[in-house]
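Visitor: The structure's right below; bear with me while I get my questions together.
Numbering (our numbering), first residue to last: -5 to 358.
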């Protein structure tokens, strides 16, 4: 495997053009072609599988802690092709689980500064318990609930690109398996072998398959309307968590999700032909003032969960040379900074992960 097979992401990526079925937030590497194998041995102290938010943020914090001999192996020709690029770019620090809530809060607080990527503090209104009126913040919205002025949206491709700056990334290469040796692991890939001391499984929807973990990817649709003159791009995110619906301004129109959740296969984005009917029913029932909406673009993202729906961050109890950062369940953008920091601190011994609530041992 040749060193010219690496692409070092020395600058933030640029977003791809959104189209039906495509990921709107894809981050392209500094050099598109990354496939090469000439038989020469390649190694790193730490190999990370996956250049999405889990892997990129972990590498980012490892570097800050002095662990720079890191190689990220990404199956696609670009970062952010799958879960990390197929999302609504919303920073929302709300979770039912207290441990996850703490990470979301910590991660969101950093991202709100706008130092890593552009953050729009547009606010988020949650329809549900509360006495605030949604129409006060978005005249086309109805219902009562709570106003969260510090939430908003972020430049997803810019954030992922920032995490990947200066990282050694091998694009277009798939990890097949690994074997143990006297001094570490030999990772077998489609382009040759890579030796390492520690392997980090941050493979997103593939994390269950790669790490032999009970993780399931679930498909969720996102839809963007045609531009509409009455939409104000400064409106907040309107989120009805109990009745599974949200919308926010996007590209002169509105971005919607019915918060659907269908078990899927990693990287397979099958659109439900009935999703537009479901959307119209939700609009008529929950937000009738929006009226009839023409949809321009639809795509499917994936959110991966453990059986208890809690993040998985920790060493594999079956193999101390394998570490998992997976099962982020749609919170990968908001929690990425805090998740990457937690993972890096456990890996480097700065944090004791033996009784961590996110530890992988609970899955066995």
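In this text, a Cβ means the ideal position worked out from N, Cα and C, and glycines have one as well.
#1: On the CB-based measure, 16 or more other CB atoms within 10 Å of its CB, does residue 165 come out buried or exposed?
#2: Can we say the stretch 60 to 77 touches the stretch 89 to 96, given the rule of at least three CB pairs closer than 8 Å?
#3: Closer than 8 Å is the cut-off here; do at least three beta carbon pairs connect the stretch 288 to 308 with the stretch 322 to 339?
#4: Would residue 331 be called buried (16 or more neighbouring beta carbons within 10 Å of its own) or exposed?
#5: With respect to the beta strand (DSSP E) encompassing residue 215, which residues constitute its N-terminal and C-terminal limits?
#6: Check for me: the beta strand (DSSP E) holding residue 317 runs from which residue to which?
#7: Kindly indicate which three-state DSSP category residue 34 falls into: helix, strand or coil?
#8: Ignore the nearest five residues each way along the sequence and tell me which others in residue 178's own chain have a CB closer than 7 Å to its CB.
#9: What residues in its chain sit with their C-beta under 7 Å from that of residue 144, if we drop five residues either side in the sequence?
#10: Is the CB-CB distance between residue 55 and residue 334 below 8 Å?
#11: Going straight from the alpha carbon of residue 129 to that of residue 282, what length do you get?
#12: Please name the residue or residues paired with residue 361 in a DSSP beta bridge.
#13: I need the straight-line Cα distance from residue 357 to residue 200, nearest angstrom please.
#14: Per DSSP, what kind of secondary structure is residue 125 in: helix, strand or coil?
#15: Which one of 161, 79, 290 has the shortest CA to CA distance from residue 246?
#16: Output the residue ranges of the alpha helix (DSSP H) runs that lie fully inside the stretch 127 to 162 and measure 4 residues or longer, sorted by chain position.
#17: Considering Cα atoms alone, identify which of 292, 76, 350, 47 is closest to residue 159.
#18: Distance check for residue 134 and residue 184, CA to CA, integer angstroms please.
#19: Hey, which unbroken runs of the alpha helix (DSSP H) at 4 residues or more fall wholly within the stretch 181 to 260?
#20: Nearest by alpha-carbon distance to residue 295: which of 38, 156, 83, 63 is it?
#21: When the Cα of residue 317 is compared with those of 36, 52, 38, which residue comes out closest?
#22: Which of helix, strand or coil does DSSP assign to residue 291?
Guide: Reading off the structure:
#1: buried
#2: no
#3: yes
#4: buried
#5: 210 to 219
#6: 313 to 320
#7: Confidence at residue 34 is low in this model, with a pLDDT of 37, below 50, so the placement of that residue is unreliable and no value is reported for it.
#8: 189, 190, 191, 315
#9: 106, 115
#10: yes
#11: 13 Å
#12: Because residue 361 is not part of the residues shown, which for the chain are -5 to 358, the question remains open.
#13: 16 Å
#14: strand
#15: 290
#16: 150 to 158
#17: 47
#18: 52 Å
#19: 201 to 205
#20: 83
#21: 52
#22: strand
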